[in-house]
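All remarks here apply to the structure that follows.
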């Protein structure tokens, strides 16, 4: 889109030459001989940039600067001024002008300063847009969190209120224990959401991952299987692993990887069917190491698969009704995996099972070791 | 439960909420039917012809509850059933700018969550009496109870 520029100067000769230079450079230019009509032009045209002479009879250039920045702080103002008024030019910048050009100036000097000003405007607008976007996301996040926190608290409140209203009767005595159990479960839900939320908020203050180093996957996977063996046995689920004879080292953060695989395995057990199977495999593919965690569970409907990595998403369905989760887990693991230079993908077939595939950058003994040495010296 | 007990259909996707509120209503001698999604709610409503429906408008799908109300209003047998609408997000800044008393919501009453049980009970008595007795005499009955 053609950029528009307004030039305000009481000197006809300056107006004429500035108009000529800038029009030739491809801008839409309008000129005004005094501050008042110049301001009216700014209101009407909403230009990208204003060139204004500081010393004018009537409404001063300084006044024009103040009015324009008040009207729209994203309009760039370039001041042109006689050599004698350089102090005033500095004053003008303090009140919002972008830069100043002492008279006399060459066409090149004018073009350079105008182009730089317009680039600056684009940056300003861009960061303004990002700010609005972030504000919107934040508001959306707050709504979601309050809903997620409120739902379990409402349930607890309602149980307690009912217990209070009913008083001691034989009927409530039998239900009381059950209801208290449910209240505890629902408050745990709130606590878990808060814990995940705090972890996630660290993303904003920095990175979730620590130092990226050589990590051997085999011991981590074997540990995870051992740690979850009891839980799997309780539900009659078989854990199996297909690990390569050689170690395939990856580049990553050991703790993050341990937590990631532990959670993928817990999910695979939790969302499985009784007597189901969880299989873990490790394969090298191009320069990536791919770890797949597959279950024989309820599967994830296609429309939900991408949303899995969105905040607060949890697949709702009859078979997962008893399962609780905060919906933040996968968001966190997706963030840490991306930070390590990897990806998480999901493949799923309803009633047959889901496979989570984590690809991580392979550690190359020679090249990566040299790099590590370089960065430590 | 007596055969003359008034029937209430309660709809909410949170099973604990339904359990707590329905237990309270049963203790007040209402006959309570429970549904956890819109489809189940419509099926039960058409089968049982409740005297009153209590429903959260924001279930799994954000507008599910509103569609259920719309469907109830379109069903001749159910068109006049009072509906008490619940929402934990009910505030001035929600997306739902449907005013109580607007055409397709009829005489509905909105209550915020968590629900104050005695307030709910008052509303239920008002709604059910209103429906079975078109005169204005229930104001006095209300004062007695």
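Chains as they are written, first to last, in the working numbering: chain A, 195 to 571; chain V, 134 to 278. Even glycine gets a Cβ: it sits at the ideal position worked out from N, Cα and C.
TODO: Measure the Cβ-Cβ separation of residue 457 (chain A) and residue 523 (chain A) and say whether it is below 8 Å.
DONE: yes
Task: Beta-ladder partner(s) of residue 556 (chain A), from DSSP - done: A:444
Task: Distance between residue 306 (chain A) and residue 262 (chain A) (C-alpha atoms, nearest Å) - done: 22 Å
TODO: Say whether the region 196-204 of chain A touches the region 239-249 of chain A, bearing in mind that this needs 3 or more beta-carbon pairs closer than 8 Å, one atom from each stretch.
DONE: yes
Task: Reduced DSSP secondary structure (H/G/I, E/B, other) of residue 220 (chain V) - done: In the three-state reduction of the DSSP assignment, residue 220 (chain V) falls in the strand class, which pools E and B.
Task: Three-state secondary structure (DSSP) of residue 169 (chain V) - done: coil
TODO: Please report how far the alpha carbon of residue 479 (chain A) lies from the alpha carbon of residue 530 (chain A), in whole angstroms.
DONE: 21 Å
Task: For residue 178 (chain V), the nearest candidate out of V:159, V:158, V:153 and V:207 (CA to CA) - done: V:207
Task: is_contact[residue 471 (chain A), chain V] using C-beta, thresh 8 Å - done: no
- [ ] Flag this pair as yes or no: are the beta carbons of residue 487 (chain A) and residue 554 (chain A) separated by less than 8 Å?
- [x] Contact: no.
TODO: Give the DSSP-derived three-state secondary structure of residue 517 (chain A) in the structure shown.
DONE: Its pLDDT being 45, under 50, residue 517 (chain A) is placed unreliably in this model, and the value from its coordinates should be taken loosely. It is coil, neither helix nor strand.
Task: Contact set between residue 147 (chain V) and chain A, taken where Cβ atoms lie within less than 7 Å - done: 345 and 349
Open item on the list: Within 10 Å of its beta-carbon, does residue 137 (chain V) have 16 or more other beta-carbons around it, so buried, or fewer, so exposed?
Closed with: exposed
Task: Under 7 Å from the C-beta of residue 370 (chain A): neighbouring residues of chain V - done: What residue 370 (chain A) touches in chain V: nothing, since even the nearest Cβ is about 11 Å away.
Open item on the list: Just checking: is the beta-carbon of residue 355 (chain A) within a distance shorter than 8 Å of some beta-carbon in chain V?
Closed with: True, the Cβ-Cβ gap to chain V drops below 8 Å.
Open item on the list: For residue 247 (chain A) and residue 282 (chain A), I'd like the C-alpha separation in whole angstroms.
Closed with: Using only the alpha carbons, I get a separation of about 11 Å.
TODO: Would you give the residue range spanned by the beta strand (DSSP E) that residue 188 (chain V) belongs to?
DONE: For residue 188 (chain V), the enclosing beta strand (DSSP E) starts and ends at 185-189.
TODO: Please look up how many angstroms separate the CB atoms of residue 175 (chain V) and residue 165 (chain V), rounded, as I've assumed it's under 8 Å.
DONE: Wrong, their Cβ atoms sit about 17 Å apart, outside the cutoff.
- [ ] May I ask you to report which of helix, strand or coil DSSP gives residue 507 (chain A)?
- [x] For residue 507 (chain A), the predicted structure reports a pLDDT of 49, less than 50, and the residue's modelled location is therefore unreliable. A value from the coordinates is still provided. Residue state, collapsed to three classes: coil.
TODO: Compute the beta-carbon to beta-carbon distance between residue 184 (chain V) and residue 144 (chain V), rounded to the nearest angstrom, for a pair I have assumed lies under 8 Å.
DONE: That belief does not hold up - the Cβ atoms of residue 184 (chain V) and residue 144 (chain V) are roughly 15 Å apart, past 8 Å.
Open item on the list: Once DSSP output is grouped into helix, strand and coil, what is the label at residue 572 (chain A)?
Closed with: Residue numbering for chain A in the displayed model covers 195 to 571; residue 572 (chain A) lies beyond these limits and cannot be assessed.
Task: Residues of the region 167-186 of chain V with Cβ closer than 8 Å to any Cβ of chain A, in chain order - done: none
- [ ] To the nearest angstrom, report how far apart residue 162 (chain V) and residue 254 (chain V) are at their CA atoms.
- [x] 12 Å
- [ ] Please confirm if residue 190 (chain V) has its CB atom under 8 Å from at least one CB of chain A.
- [x] For residue 190 (chain V), the answer is no, since every Cβ of chain A falls outside 8 Å of its Cβ.
Task: Cβ-Cβ distance between residue 406 (chain A) and residue 447 (chain A) below 8 Å - done: yes
Task: Residue nearest to residue 541 (chain A) in terms of C-alpha spacing, selected from A:234, A:455, A:496 and A:426 - done: A:496
Task: Beta-carbon proximity list for residue 268 (chain V), same chain, < 7 Å, skipping 5 on both sides - done: In this predicted model, residue 268 (chain V) has a pLDDT of only 39, less than 50, meaning its place in the structure is not dependable enough to derive any value.
- [ ] Please specify which runs of the beta strand (DSSP E), each continuous and at least 3 residues long, are wholly inside the region 279-340 of chain A, giving them in chain order.
- [x] 293-296
Task: Distance between beta carbons of residue 373 (chain A) and residue 339 (chain A), contact taken as under 8 Å - done: Under the criterion of beta carbons closer than 8 Å, residue 339 (chain A) and residue 373 (chain A) do not qualify as touching, at roughly 26 Å.
Open item on the list: At the 8 Å Cβ level, is residue 342 (chain A) part of the contact set with chain V, yes or no?
Closed with: no
Open item on the list: Strictly below 8 Å CB to CB, what residues from chain A border residue 247 (chain V)?
Closed with: 347, 348, 351, 352 and 355
Task: Beta-carbon proximity of residue 218 (chain V) to residue 205 (chain V), cut-off 8 Å - done: Contact: no.
Open item on the list: Any beta carbon of chain A sitting closer than 8 Å to that of residue 218 (chain V)?
Closed with: no
TODO: State the Cα-Cα distance for the pair residue 205 (chain A) and residue 227 (chain A), rounded to the nearest angstrom.
DONE: 7 Å
Open item on the list: For the structure I just gave you, are there three or more beta carbon pairs, one from the region 347-356 of chain A and one from the region 368-385 of chain A, closer than 8 Å?
Closed with: yes
Task: Reference residue 550 (chain A); option with closest CA among A:404, A:377, A:387 and A:475 - done: A:475
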